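Asker: In the working numbering, the protein residues as written are 65 to 354.
No residue lacks a Cβ here, since even glycine has one placed at the ideal position from N, Cα and C.
Computed from a predicted structure; not experimentally measured.
Encoded as structure tokens, here's the structure I'll be asking about.
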Ligand SMILES: [Mg+2]
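See the structure below:
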């Protein structure tokens, strides 16, 4: 009979130093000009920055969203993470998730938990001396990128300059513009802007559109038909990410790939999109890693 340690007793989580401090800061960064999509307008972006320290290393995490998330970290989350085993990120994430039961897991709490969670994963990687990608598990050696903007409120010159800058200046072979103006109420201008984008970027650049949930299900199917006239290959949030059945129905009937998930707040939300067959590409923008 073996006299060695029981399985699991030598795991890295057992040997980690305690998290010494958790700090959160928030920043409001003005955009260079007013921006809008089909369902929202804004002139600044909020950023949450979290720093966690252990054994001489610092982990950095961030999320974007309302600055009030930084207050939630300070008031409700930091004391749960300070003193915890820096190697046991999932346990800290679970403690944070349980603590926001009465606050509400989605929205602000998810933004706050995500920023801390990312900082803890970064800290763990630094303590182990490995790249974060290697710690989590790297699936691909690289990823394709696209230029994302093409805001509804841009005039023709702003749109031309932005798209031309990405494609002809930065040599980015994919771009994305917003559609779904006024919750789908100005489809004529949507089409004019898609036509303009194709004209500016030429035939060989991939063209993506994002409706930010602005269309109805039937309207999105009709829009999906004319998007093909302009070679659009990516139709993001034709309806809300909170409507998996609608997304699945649209995906069945349009040629462009359907993408959604930016407003999934938890991994369970994302699993529901996959289970419904709602997306060709699942976007993970706000869920915590853990
Ligand atoms: Mg989007």
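In angstroms, rounded to a whole number, what distance separates the CA positions of residue 285 and residue 121?
Answerer: Their Cα atoms are separated by approximately 51 Å.
Asker: Measuring only the C-alpha atoms, how far is residue 113 from residue 134?
Answerer: When rounded, the distance between both Cα atoms is 8 Å.
Asker: Helix or strand or just coil, what does DSSP make of residue 259?
Answerer: Helix, per DSSP.
Asker: Can you tell me whether residue 70 is buried or exposed? The criterion is at least 16 other CB atoms within 10 Å of its CB, across all chains shown.
Answerer: Low local confidence applies: a pLDDT of 39 at residue 70 is under 50, so the model's placement there is unreliable, with the coordinate-based value given in what follows. Under this definition residue 70 is an exposed residue.
Asker: Would you please state the rounded distance, in angstroms, between the beta carbons of residue 192 and residue 199? I believe it to be under 8 Å.
Answerer: That belief holds up - the Cβ atoms of residue 192 and residue 199 are roughly 7 Å apart, short of 8 Å.
Asker: Assuming residue 144 and residue 118 form a contact by the criterion Cβ under 8 Å, report the distance between their Cβ atoms to the nearest whole angstrom.
Answerer: Not a contact, Cβ separation roughly 15 Å.
Asker: Shortest alpha-carbon distance to residue 293 belongs to which of 307, 327, 311, 263?
Answerer: Nearest C-alpha to residue 293: 263.
Asker: Just the C-alpha distance for residue 323 and residue 140, rounded to the nearest angstrom, thanks.
Answerer: Approximately 34 Å between the Cα atoms of the pair.
Asker: Where does the unbroken alpha helix (DSSP H) through residue 245 begin, and where does it stop?
Answerer: From DSSP, the alpha helix (DSSP H) with residue 245 extends over 245-248.
Asker: Determine, using beta-carbon pairs with one atom in the stretch 206-222 and one in the stretch 165-173, whether at least three such pairs fall under 8 Å.
Answerer: Touching, no, given that fewer than three Cβ pairs across the two stretches are closer than 8 Å.
Asker: Just confirm the distance between the C-beta atoms of residue 244 and residue 234, as a whole number of angstroms; I'd bet it's less than 8 Å.
Answerer: About 26 Å; that fails the 8 Å criterion.
Asker: I need the DSSP call for residue 268, collapsed to helix, strand or coil.
Answerer: Note: residue 268 maps to coil in three-state DSSP.
Asker: Closest by CA to residue 269, which one among 251, 109, 230, 343?
Answerer: Measuring from the Cα of residue 269, the nearest candidate turns out to be 230.
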